[in-house]
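Engineer: Chains as they are written, first to last, in full-length UniProt numbering: chain A, 1 to 202; chain B, 1 to 202.
Here you go, one structure.
Number of protein chains: 2
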Amino acid sequence: MGLRELKKERTRLSILDAALDLFLEQGYESTTVEQIAGAVEISPRTFFRYFTSKDHLVLWFHDHGEGIMLETLRSVPSDEPPFTALMHAVRAVLSDMQGSTPADAQRFLKLRRLLEEHPHLVGLSVARGADTERRMAELIAARRGTDPDQDQLCHLIVAFAMSTMRVGFECPRRDGTVTEIIDRMRETIALAERSLRPGWDL
Amino acid sequence: MGLRELKKERTRLSILDAALDLFLEQGYESTTVEQIAGAVEISPRTFFRYFTSKDHLVLWFHDHGEGIMLETLRSVPSDEPPFTALMHAVRAVLSDMQGSTPADAQRFLKLRRLLEEHPHLVGLSVARGADTERRMAELIAARRGTDPDQDQLCHLIVAFAMSTMRVGFECPRRDGTVTEIIDRMRETIALAERSLRPGWDL
DNA sequence: TGCAATCTGTCATCCACTGACATAAATTAC
DNA sequence: GTAATTTATGTCAGTGGATGACAGATTGCA
Numbered sequence: 001m002g003l004r005e006l007k008k009e010r011t012r013l014s015i016l017d018a019a020l021d022l023f024l025e026q027g028y029e030s031t032t033v034e035q036i037a038g039a040v041e042i043s044p045r046t047f048f049r050y051f052t053s054k055d056h057l058v059l060w061f062h063d064h065g066e067g068i069m070l071e072t073l074r075s076v077p078s079d080e081p082p083f084t085a086l087m088h089a090v091r092a093v094l095s096d097m098q099g100s101t102p103a104d105a106q107r108f109l110k111l112r113r114l115l116e117e118h119p120h121l122v123g124l125s126v127a128r129g130a131d132t133e134r135r136m137a138e139l140i141a142a143r144r145g146t147d148p149d150q151d152q153l154c155h156l157i158v159a160f161a162m163s164t165m166r167v168g169f170e171c172p173r174r175d176g177t178v179t180e181i182i183d184r185m186r187e188t189i190a191l192a193e194r195s196l197r198p199g200w201d202l
Numbered sequence: 001m002g003l004r005e006l007k008k009e010r011t012r013l014s015i016l017d018a019a020l021d022l023f024l025e026q027g028y029e030s031t032t033v034e035q036i037a038g039a040v041e042i043s044p045r046t047f048f049r050y051f052t053s054k055d056h057l058v059l060w061f062h063d064h065g066e067g068i069m070l071e072t073l074r075s076v077p078s079d080e081p082p083f084t085a086l087m088h089a090v091r092a093v094l095s096d097m098q099g100s101t102p103a104d105a106q107r108f109l110k111l112r113r114l115l116e117e118h119p120h121l122v123g124l125s126v127a128r129g130a131d132t133e134r135r136m137a138e139l140i141a142a143r144r145g146t147d148p149d150q151d152q153l154c155h156l157i158v159a160f161a162m163s164t165m166r167v168g169f170e171c172p173r174r175d176g177t178v179t180e181i182i183d184r185m186r187e188t189i190a191l192a193e194r195s196l197r198p199g200w201d202l
């Protein structure tokens with residue numbers, strides 16, 4: 001990786017950190033892009049070259065997780081039932097979190113606090129989730145050898161899987177460590193698996 | 001109802017209709033609020049007194065449906081299992097659609113076409129859905145006599161129910177009549193009920 | 001008819017976001 | 001090491017969504 005890419009990644013994280021801190025300090029709405037840019041000494045125009053929008057700052061984790069999930073989905077043996085495969089994908093995200101640097105863990109926890117204090121921001125995440133679901137439904141349909149337009153079940157499978165994930169990540173009132181969150185997520189997965197009729201997703 | 005409220009409702013619908021037509025004609029992004037306001041001969045400022053934002057135009061159906069669902073949820077006997085109660089609420093929305101005026105049906109179909117052509121607008125709807133889910137989870141928790149912060153299952157129940165609804169309304173490639181959509185939705189409900197383990201939501 | 005409440009338009013302003021262009025920096029080729 | 005190329009950054013000007021303040025018009029009611 002060249003010096004250029006390295007520096008780019010560093011400013012990218014600087015922007016993210018500065019923004020998270022500002023948001024938590026003075027609120028999301030009342031923080032302007034100009035302020036964020038000022039904090040990392042770049043022009044507002046440059047900010048938009050790193051993040052397509054102010055909202056995008058909040059979506060970095062979602063994007064990261066989506067990448068891992070899609071990747072996992074493609075690599076998981078195709079004789080596994082779809083929902084099981086999706087739960088594998090979710091667990092892959094958890095593994096990634098477990099192996100993340102302390103700095104990344106900090107960012108994740110800050111993001112969670114932010115979402116807790118500004119519930120309407122959760123909407124941004126689930127909005128992008130709609131996109132993610134469409135992509136996943138295609139993969140699942142391919143797995144099932146069906147046409148996503150005809151096959152309602154593939155959409156339902158994906159929707160249930162993402163619901164499970166979302167519920168698992170939902171903010172418990174007192175925020176814990178990353179490990180606690182991962183444990184909670186595992187419980188939720190178990191709960192979902194218990195709730196579904198065996199073989200429903202075949 | 002006074003003359004004032006009547007007139008207000010009429011302009012409200014005029015704005016909505018003009019907007020839907022413009023969106024379908026020339027796209028969502030490339031239609032400005034100024035154009036919409038111009039089409040119904042009001043000032044842009046007044047537009048924002050009828051709809052809190054441009055996006056809000058797309059959410060009128062969601063808001064309407066949410067109202068019906070919450071209302072139904074409160075009136076349904078509390079010895080019914082939560083998921084069953086939620087499916088009743090969904091069916092109440094379908095009944096309302098069945099009894100709607102032709103004009104309303106037209107609006108609904110136009111909205112669907114719009115969402116089909118601009119998938120990213122679906123995000124707006126599911127974003128608001130996150131809000132809706134939180135409110136519903138409280139009702140379900142109350143029903144179950146639990147604290148929504150502790151009880152993961154109540155969130156899962158609501159999330160699964162809303163997923164079912166969303167999948168049911170998802171655009172099939174060729175758009176049909178309102179009746180066809182309602183039938184499709186009923187199938188989806190049946191599919192979801194078949195997928196869940198009996199008694200999972202108790 | 002006249003008073004009070006409410007609706008509307010105008011104006012000024014903020015902020016997110018984008019295209020165009022010039023400059024500065026890093027990468028590559030020689 | 002320097003020149004040429006590619007890419008990142010800043011400046012500037014502009015668009016469009018959204019909000020507060022105020023004045024004038026409209027409606028509802030006594």
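Glycine is no exception: its CB is placed at the ideal position from the N, C-alpha and C atoms.
Please read all numbers here as calculations on a predicted model, not as lab measurements.
Measure the C-alpha to C-alpha separation of B/Phe-47 and B/Arg-128 and round it to an integer number of angstroms.
Structural biologist: 21 Å
Engineer: Per DSSP, A/Leu-196 forms a beta bridge with which residues?
Structural biologist: DSSP, once it has assigned bridges, lists B/Leu-196 as partnering A/Leu-196.
Engineer: What residue does the alpha helix (DSSP H) around B/Lys-7 start on, and which one ends it?
Structural biologist: 3-26
Engineer: Taking the Cβ atom as the reference point for each residue, do A/Ala-141 and A/Pro-148 lie within a distance shorter than 8 Å?
Structural biologist: yes
Engineer: Within 8 Å (strictly less), CB to CB, does B/Leu-48 reach chain A?
Structural biologist: The sequence given here has Phe at residue 48 of chain B, not Leu. It does not; no Cβ of chain A falls within 8 Å.
Engineer: DSSP on A/Gly-168, reduced to helix/strand/coil?
Structural biologist: helix
Engineer: Is the shortest distance between the beta-carbon of B/Leu-70 and the beta-carbons of chain A less than 8 Å?
Structural biologist: no
Engineer: For a test of the three-state rule: what should DSSP assign to A/Phe-108, helix, strand or coil?
Structural biologist: Here A/Phe-108 sits in helix by DSSP.
Engineer: In chain B, which residues lie less than 9 Å from A/Asp-55 when you measure between Cβ atoms?
Structural biologist: Neighbours of A/Asp-55 on chain B: none; closest Cβ ~10 Å, over 9 Å.
Engineer: Between which residues of its own chain and A/Arg-135 is the CB-CB distance below 7 Å, once the five residues before and five after are set aside?
Structural biologist: Cβ neighbours of A/Arg-135 beyond the five flanking positions: Leu-70.
Engineer: Note the first and the last residue of the continuous alpha helix (DSSP H) segment covering A/Ser-43.
Structural biologist: Unbroken run through A/Ser-43: none, as it is neither H nor E.
Engineer: Would you say A/Ile-157 and A/Phe-83 are within 8 Å of each other, going by their C-beta atoms?
Structural biologist: yes
Engineer: Would you mind telling me which residues of chain A sit closer than 9 Å to B/Trp-60, beta carbon to beta carbon, in chain order?
Structural biologist: Neighbours of B/Trp-60 on chain A: none; closest Cβ ~17 Å, over 9 Å.
Engineer: Quick check on this structure: which residue in B/Glu-180, B/Ser-30 and B/Cys-171 has the alpha carbon closest to the alpha carbon of B/Leu-111?
Structural biologist: B/Cys-171
Engineer: Can you give me the C-alpha to C-alpha distance between B/Gly-67 and A/Ser-43, rounded to a whole angstrom?
Structural biologist: 45 Å
Engineer: When the Cα atoms are used, what is the spatial distance from B/Cys-154 to A/Arg-49?
Structural biologist: 41 Å
Engineer: Between B/Val-167 and the rest of its own chain, which residues show a CB-CB distance below 7 Å, the 5 nearest in sequence each way excluded?
Structural biologist: Only Thr-188 meet the Cβ criterion.
Engineer: What is the DSSP secondary structure of B/Glu-29, counted as helix, strand or coil?
Structural biologist: coil
Engineer: Could you tell me the distance, in whole angstroms, from the CA atom of A/Gly-27 to the CA atom of B/Thr-179?
Structural biologist: 46 Å
Engineer: Since A/Ser-14 and A/Val-40 should fall inside the 8 Å C-beta cutoff, what is the C-beta to C-beta distance between them, to a whole number of angstroms?
Structural biologist: 5 Å
Engineer: Whose C-beta lies closer than 6 Å to the C-beta of B/Ala-92 among residues of the same chain, with five residues either side of it excluded?
Structural biologist: Non-local beta-carbon contacts of B/Ala-92 in its own chain, meaning distances under 6 Å to residues more than five positions away in sequence, involve Ile-68 and Thr-72 in chain order.
Engineer: Quick one: which chain A residues come within Cβ less than 7 Å of B/Thr-52?
Structural biologist: What B/Thr-52 touches in chain A: nothing, since even the nearest Cβ is about 13 Å away.
Engineer: Do you know how far the Cα of B/Leu-16 is from the Cα of B/Leu-24?
Structural biologist: 12 Å
Engineer: Between A/Asp-151 and A/Arg-144, how many whole angstroms is the CB-CB distance? I'm expecting something under 8 Å.
Structural biologist: 7 Å
Engineer: How about A/Arg-128: is its C-beta nearer than 8 Å to some C-beta of chain B?
Structural biologist: yes
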